[in-house]
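**Q** Terminal number for the sequence shown in the numbering used here: 922, no gaps in between. Below you'll find the structure I mean.
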Amino acid sequence: MPATSVGDLSTWNLKGEFSASGLKAMDRELQKASFQFLAKGGELKINELTATMQGANLQGSGTVSLVGERSYSSDLKLSVTSLSGLVPEVKTIQLTNPMQATANLNGTLTPLTFQANGEAILPQTNIGPLKVQSGQLDFSVTDENYAITDLKLQLYDGALTGIATLPRKGATVASLALDLEPGLSLDQLAEDLSGKKQPLSGWIQGRIRGQAPRPKVNDLSAWDASARVSIQQGTAWGLDINRAAIQVLLQNGLVSLSETGLTWANSSLDVSGSLRLDQPQKFDAEVTLNANDLKDLNQLTNDVRLPVDVEGRLNAKLDVKGQLENFDWQATGTMATDQLKIDKVRLNTVSAKVMATPKVLTLKEFQLELYEGKVTGSGQYPLDSSIAGNFQLDAKAINVGGLAQEYLGTSTPVKGILSGNLTADSVPPAADTPRDWTTKAEFKIPEITIDAIEAGHLDGKLDYKNQQLDYRVVGEIFDGEFELSGKYP
434 MPATSVGDLS
444 TWNLKGEFSA
454 SGLKAMDREL
464 QKASFQFLAK
474 GGELKINELT
484 ATMQGANLQG
494 SGTVSLVGER
504 SYSSDLKLSV
514 TSLSGLVPEV
524 KTIQLTNPMQ
534 ATANLNGTLT
544 PLTFQANGEA
554 ILPQTNIGPL
564 KVQSGQLDFS
574 VTDENYAITD
584 LKLQLYDGAL
594 TGIATLPRKG
604 ATVASLALDL
614 EPGLSLDQLA
624 EDLSGKKQPL
634 SGWIQGRIRG
644 QAPRPKVNDL
654 SAWDASARVS
664 IQQGTAWGLD
674 INRAAIQVLL
684 QNGLVSLSET
694 GLTWANSSLD
704 VSGSLRLDQP
714 QKFDAEVTLN
724 ANDLKDLNQL
734 TNDVRLPVDV
744 EGRLNAKLDV
754 KGQLENFDWQ
764 ATGTMATDQL
774 KIDKVRLNTV
784 SAKVMATPKV
794 LTLKEFQLEL
804 YEGKVTGSGQ
814 YPLDSSIAGN
824 FQLDAKAINV
834 GGLAQEYLGT
844 STPVKGILSG
854 NLTADSVPPA
864 ADTPRDWTTK
874 AEFKIPEITI
884 DAIEAGHLDG
894 KLDYKNQQLD
904 YRVVGEIFDG
914 EFELSGKYP
């Protein structure tokens, strides 16, 4: 170059190699960097650029104008091993394999400006408890913002699409808009969220909108967000869930449910509640169940199906409290039935106090009206195939005539008042088999009349096990005594 032009970079002719460590570029430290360069005719060409930075490896080439504002342009390839290392504001996405990205970077050196546009291919990865099978996105980076302009994630046999903006500086607001299309597999999603297989199937569709201050973007309690999701072609414990729609709001660290309501077979379920996002993510909900036809219970999956057929109506109100970790919850409340019939026995009204956990339903202060008499008791009904069950019932002043007519189908007039007790127990069933119950009962009828014949007292014991009934009945007839025993069938 002429000696008189030493300060004019456009007159330089240079060729060489460069390597360094500990450099900073665009607020990111380059742990190692090297490239070859050629300066000629007012332009600097950079080739074989390689760099290692926190969370990523970079390759590329570019040009820099040595006149005016010294504009530059570069084509880059990135292999991202840690997204949180590259973008510290993002901490919930854990890459199981490197993410590959390409980008075009351009701007000026005086003043220093830059803008990048590119695309990335995501491998299988985890976002919190969610498993992403694959994905791709278009992105841009400026002095002010990171932006995802077209996101497509494949997860749970469905897709999540959307856009997002994350400010790079200051206390400005980050935002996102996500859509679930065509839907996510409900059973796979529930299994990952709860940590175990759930008796659910179907598809979740919906949309999510939210925003948060940039410094608190990793703090869910700082987000204001709304979501509307629906369940398509859903089932729970073998029964259909009909197009359930749920509106969810997140404000000040509190998730609240509104516009919730779903139909489960012929039953309606309304839920209102809230979830605190501070650890351990506690929730509180009120649940109202109106079961218009209990015949639906006869179609439940084997692990929770009742041992006898039922019909009638059920109303229940429950307060549910728990925490999301391991989906641990407890419900308390009341239930009442109308026109209840169990295996041909008409029970009329039934009421009880209810307590439930994911594994067992407990009934206390159980009362039912049965053929002009009353039955009281308590019990535990398993909701998990690994749990045993039991019931204890006491009967008083039952009209034997009504019971015999409806349950046994006899037209012979029978009169008498029955009292007694019943206990029932079950052990965890083998895989894919119905739960079996062992039942023992004792009853007494002080005086019984059959077709105008006074037969005196009647006492009995019943044992039901392995689908077989052992019975023994003793009584009085014609001033004598009799005993009847046997098995059925």
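Just so you know, even glycine gets a beta-carbon here, dropped at the ideal spot from N, CA and C. Since this is a predicted model, take the numbers as computed values, not measurements.
Does the stretch 753 to 767 come close enough to the stretch 622 to 642 to have 3 or more Cβ pairs within less than 8 Å?
**A** Yes: at least three Cβ pairs fall under 8 Å.
**Q** Note the first and the last residue of the continuous beta strand (DSSP E) segment covering L528.
**A** L528 -> beta strand (DSSP E) spans 526 to 528.
**Q** So which of G812, I820, D817, V833 has the shortest CA-CA distance to L826?
**A** Among G812, I820, D817, V833, the Cα nearest to that of L826 belongs to G812.
**Q** Could you round the C-beta distance between I850 and I878 to whole angstroms and report it? I think they count as a contact, below 8 Å.
**A** Correct: roughly 7 Å between the Cβ atoms.
**Q** Measuring straight from C-alpha to C-alpha, what distance separates N550 and V753?
**A** Approximately 48 Å between the Cα atoms of the pair.
**Q** Given that a residue counts as buried once 16 or more other Cβ atoms are within 10 Å of its Cβ, and exposed if not, what is F799?
**A** Buried: at least 16 other Cβ atoms inside 10 Å.
**Q** Closest by CA to T594, which one among D571, A789, P562?
**A** Comparing Cα positions, the closest option is D571.
**Q** Just mark Y589 as buried or exposed, buried being the case when its beta carbon has 16 or more other beta carbons within 10 Å.
**A** With 16 or more Cβ atoms within 10 Å of its Cβ, Y589 is classed as buried.
**Q** Any idea if S691 is buried or exposed, counting beta-carbon neighbours within 10 angstroms, 16 or more meaning buried?
**A** It is exposed - the Cβ of S691 has fewer than 16 other Cβ atoms within 10 Å.
**Q** What whole-angstrom Cβ distance do A658 and L687 have, given they're in contact under 8 Å?
**A** Not quite, the Cβ-Cβ distance comes to about 11 Å (not below 8 Å), so this is no contact.
**Q** Going by DSSP, what residues sit across from W656 in a beta bridge?
**A** W656 is not bridged to any residue.
**Q** Can you check which of these residues, Y904, S517, N748, is closest to P922 by C-alpha distance?
**A** Among Y904, S517, N748, the Cα nearest to that of P922 belongs to Y904.
**Q** My guess is that D884 and P846 are in contact by the Cβ rule of under 8 Å, so how many angstroms apart are they, rounded?
**A** Their Cβ separation, rounded to whole angstroms, is 6 Å, which keeps D884 and P846 in contact under 8 Å.
**Q** Taking all protein chains shown into account, decide if D576 is buried (16 or more other Cβ within 10 angstroms of its Cβ) or exposed.
**A** Burial call: exposed.
**Q** Under 8 Å, with one C-beta from each stretch per pair, do the stretch 632 to 644 and the stretch 664 to 676 reach the 3-pair mark?
**A** The stretch 632 to 644, when compared against the stretch 664 to 676, does touch it at the 8 Å Cβ threshold.
**Q** According to DSSP, is F915 helix, strand or coil?
**A** Three-state result, F915: strand.
**Q** From the DSSP output, in three-state form, read off R647 for me.
**A** Helix at R647.
**Q** If you draw a straight line from the alpha carbon of T514 to that of K465, how long is it in whole angstroms?
**A** Approximately 16 Å, taken between the alpha carbons.
**Q** Between which two residues does the alpha helix (DSSP H) harbouring S627 extend?
**A** Note, S627: alpha helix (DSSP H), 619 to 627.
**Q** Which residue's Cα is closest to the Cα of G474: L463, A534, L499, S452?
**A** For G474, the nearest C-alpha among the options comes from L499.
**Q** Output the distance between the C-alpha atoms of L611 and P600, rounded to the nearest integer angstrom.
**A** Distance between the alpha carbons of L611 and P600 is about 18 Å.
**Q** Assuming R647 contacts A607 (C-beta within less than 8 Å), just tell me the rounded distance between them.
**A** Indeed, because the Cβ distance is near 5 Å, the residues count as touching under 8 Å.
**Q** Would you call F915 buried or exposed, if buried means 16 or more other Cβ atoms sit within 10 Å of its Cβ?
**A** F915 comes out exposed.
**Q** Tell me where the alpha helix (DSSP H) around L895 begins and ends.
**A** Careful: L895 lies outside any alpha helix (DSSP H), inside the beta strand (DSSP E) at 891 to 898.
**Q** On the premise that E502 lies in contact with T543, defined as a C-beta separation below 8 Å, what is that separation, rounded to the nearest angstrom?
**A** Their Cβ separation, rounded to whole angstroms, is 5 Å, which keeps T543 and E502 in contact under 8 Å.
**Q** Under 6 Å Cβ to Cβ from D717, same chain only, skipping five residues before and after it: list those, please.
**A** Same-chain partners within the cutoff: G706, S707, K754.
**Q** For K728, which residues in the same chain have their Cβ closer than 6 Å to its Cβ, ignoring the five residues on either side in sequence?
**A** Within the same chain, K728 has close Cβ partners E744.
**Q** Just to confirm the assignment, what range does the alpha helix (DSSP H) spanning A517 have?
**A** Inspection of the sequence shows that residue 517 is occupied by Ser rather than by Ala. First-last of the alpha helix (DSSP H) with S517: 516 to 519.
**Q** Under the DSSP definition of a beta bridge, which residues are partnered with T558?
**A** Bridge partners of T558: L528, V565.
**Q** Cutting at 8 Å between CB atoms, please list the residues of its own chain near V439, excluding the five before and the five after it.
**A** With a pLDDT of 48 at V439, under the threshold of 50, the modelled position of this residue cannot be trusted; read the value that follows with caution. So no residue of the chain qualifies.
**Q** Any heavy atom of the ligand NAD closer than 8 Å to the beta-carbon of D858?
**A** Looking at this structure, you won't find the ligand NAD or any other ligand, since it has none at all.
**Q** Measuring CA to CA, which of K797, G518, T535 is closest to L491?
**A** Comparing Cα positions, the closest option is T535.
**Q** Run the CB neighbour count on S700, radius 10 Å, all protein chains shown included, and call it buried at 16 or more, exposed below.
**A** So S700 counts as buried.
**Q** So, is V565 buried or exposed, given that buried needs 16 or more other C-beta atoms within 10 angstroms?
**A** Counting Cβ neighbours within 10 Å, V565 comes out buried, since at least 16 surround it.
**Q** Whole alpha helix (DSSP H) runs in the stretch 708 to 759 with 4 or more residues, listed along the chain?
**A** Here no run is fully enclosed.
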